[in-house]
Each structure stands twice: as C-alpha cells, then as structure tokens.
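Shown next, in structure tokens, is the structure this report addresses.
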Amino acid sequence: MLTTQQLQDIEQLQKECEIHDHVQLKLNWEMLRDRQTEPLDFFHYENGELIAFLGLYAFGSTVEVCGMVKPSERRKGHFGRLFHLAMEKVNSNGYKKILLNAPAGSDAAKFFLNTQGAEYAFSEHQMEWSETPLEEPNDVLLRQATEEDYEMSVRLSVTAFGLEEDDARAMESHHFADNTDMLMIDVNEETVGKLRVSREDGQAWIYGFSILPEYQGRGIGRKALRQVVKEQSSAGFTVHLEVETRNDHALRLYESVGFEAVHVQDYYKYECKRKH
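When we follow full-length UniProt numbering, the leftmost residue of the sequence shown carries the number 1, and every step to the right adds one.
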C-alpha cells in the first residue's frame with residue numbers, strides 16, 4: 001500500500017509534468033490508491049523530492065507501464081534505472097504482454113520508447129462529455145452488480161473485449177472487490193451488458209462498457225450511456241471515458257451522446273528480455 005506522502009508526491013510530480021509538457025498522464029489513480037502489499041511502483045527521490053516515478057498496472061496477464069520524470073531532471077538515466085527494476089518485476093511475475101503507455105504529445109516519452117525498441121500498438125481517445133440535452137430512457141435498467149453477476153461479467157469481458165477467460169476472471173474478481181460502481185445493464189429483466197464508474201477529483205470515468213453481441217445494434221448501449229451520463233453529471237461530475245481510436249462504431253456511439261475527444265494516449269508493445 002502506498003503512503004499518503006507517496007501519493008501526494010506522485011500527484012505533485014504529475015501536475016508539474018503535465019503543465020510543462022501540455023499533456024495528460026494516465027497514472028490509473030484508482031489502482032494507485034488501492035495498491036495491496038505487492039510492490040508495483042518504483043520511485044527515485046533526491047533530497048526528499050520525488051524526481052522520477054514508474055507504475056505497473058496489471059490487467060490479467062497484460063501489464064501496462066506508465067511513468068514520469070521531473071522536467072529539469074530528464075536525460076540523466078533516472079527513468080531508465082526505474083524501468084530496469086520494473087522489467088525485473090515483470091519477469092518475476094510472468095506477465096505475457098507488456099504495454100508502455102505515453103501521451104501522444106510527449107516528446108520525452110517518444111525519445112525513451114525509441115531507445116527501448118518499443119513498437120507502436122494502438123492509441124486511445126480520452127473523451128469528455130459536453131453538456132447535451134439527454135432524453136430519459138425508460139426501458140433500460142442500470143442496477144448495482146451483485147456476486148451473482150460475476151459469471152455474466154466474465155462472459156461480457158470475453159465476448160466484448162476478446163479477453164482470455166483466465167484474464168477476465170482475474171480482472172472481474174478485482175473489480176467486484178473494488179469500491180467502484182459496477183453496474184449491470186438489464187432489458188426486460190435480462191442482463192445484457194455492464195459498465196463500471198470510478199469517481200475521482202470531480203471526474204466520473206466510465207470503464208468496461210460492453211453489451212452482449214446478440215443485443216448490439218438495438219440502441220441499448222446508447223440508452224444505458226445516456227442514463228449513466230445523466231446520473232453522474234447531475235451529481236456534479238464531469239464524465240469521461242476511453243476508446244481505441246480504431247473502434248469507429250464505439251466512437252460514433254460516444255459522439256452521438258455528446259462525448260468529444262480531448263486527449264490521445266499511445267500504447268507501445270515491448271518485449272522484455274527474459275533471464276534464463
């Protein structure tokens with residue numbers, strides 16, 4: 001578990017980097033605040049000040065990597081040393097896939113990624129909802145998930161996101177133990193989809209939004225999205241989500257509800273040199 005001081009130091013360094021680089025870093029605060037005993041975060045301090053940080057974020061057998069270095073302390077090897085330690089951890093944990101995450105506009109990140117031989121994989125839009133009148137759907141029910149919804153959640157992760165079943169089970173077990181809102185989407189008393197809402201610093205983020213393939217194309221997703229957006233915005237939150245830039249269908253759906261792309265995150269595939 002990270003200390004309050006460590007979390008404050010990460011937040012302060014994040015703000016400094018974002019202001020300097022005119023980007024938004026994806027540090028998965030929901031996961032940082034919920035770290036368990038396993039060390040997945042790497043720090044470099046000098047004179048009590050956090051200079052460099054790197055976090056590992058596990059999603060089943062895939063691990064995402066994101067970090068940052070104080071602007072005035074770059075090109076000194078700080079991040080490279082943290083990255084080396086992180087890859088040792090990745091090796092020992094046996095993750096199958098490594099994705100390095102960087103804001104699309106970060107020149108510092110691109111420089112490091114090139115030196116590591118990372119290969120571009122895909123990009124995601126980070127989208128924000130802009131005030132748009134939303135009609136109230138009455139034939140779609142959003143309800144809090146219960147333990148009885150676990151198997152359906154696994155099925156949705158496998159069919160909608162193409163996850164391996166073992167990965168889906170690991171991720172859903174974690175989500176069901178979370179304090180975030182896991183919501184199931186019901187139509188005519190049948191569960192057909194799910195989504196998750198995480199709230200942090202006045203922002204509500206929608207994750208894992210999925211509808212069973214046989215129920216897609218009927219407007220259910222749009223109605224569910226309108227409903228959750230209305231609930232969160234009425235409670236005073238700005239509403240956000242992420243979508244892969246190549247997913248035209250989802251992009252059109254989100255735009256039709258009033259979401260606009262505000263940032264882009266790039267993901268790079270990395271092959272860790274495993275020790276024998």
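Glycine included, each C-beta is placed from N, C-alpha and C at the ideal position.
Given the structure is predicted, the values throughout are model-derived calculations rather than measurements.
**Q.** Spatial neighbours of Leu241 in its chain, beta-carbon cut-off 6 Å, leaving aside the 5 residues before and after
**A.** Met127, Ile206
(Q) Would you say the beta carbon of Arg74 is closer than 8 Å to some non-hydrogen atom of the ligand ATP? (A) By its list of ligands, the structure shown contains no ligand whatsoever, and the ligand ATP lies outside what it can speak to.
Q. Ser233: which of Gly77, Ala204, Leu156, Tyr215 sits nearest, CA to CA?
A. Ala204
Q | Same chain only: Cβ atoms within 6 Å of Asp41, ignoring 5 sequence neighbours per side | A | Gly55
Q: Put Glu30 into one of helix, strand or coil per three-state DSSP.
A: helix
(Q) Give me the residue from Ala261, Thr245, Glu135, Val158 with the minimum Cα distance to Val228. (A) Glu135
Q: Report the three-state DSSP secondary structure of Arg222 (helix, strand or coil).
A: helix
Q: Count the other CB atoms, across all protein chains shown, that sit within 10 Å of the CB of Lys269; report buried if there are 16 or more and exposed otherwise.
A: exposed
**Q.** Extent of the continuous alpha helix (DSSP H) to which Met152 belongs
**A.** 150–161
Q | Contact set for Gly105: own chain, Cβ-Cβ below 6 Å, skip 5 residues either direction | A | Val23
Q: Can you say whether residue 297 is buried or exposed, counting buried as having 16 or more other CB atoms within 10 angstroms of its CB?
A: An answer regarding residue 297 cannot be provided, because it is not within the stretch 1 to 276 covered by the chain.
Q | Whole-angstrom distance between Glu124 and Val243, CA atom to CA atom | A | 5 Å
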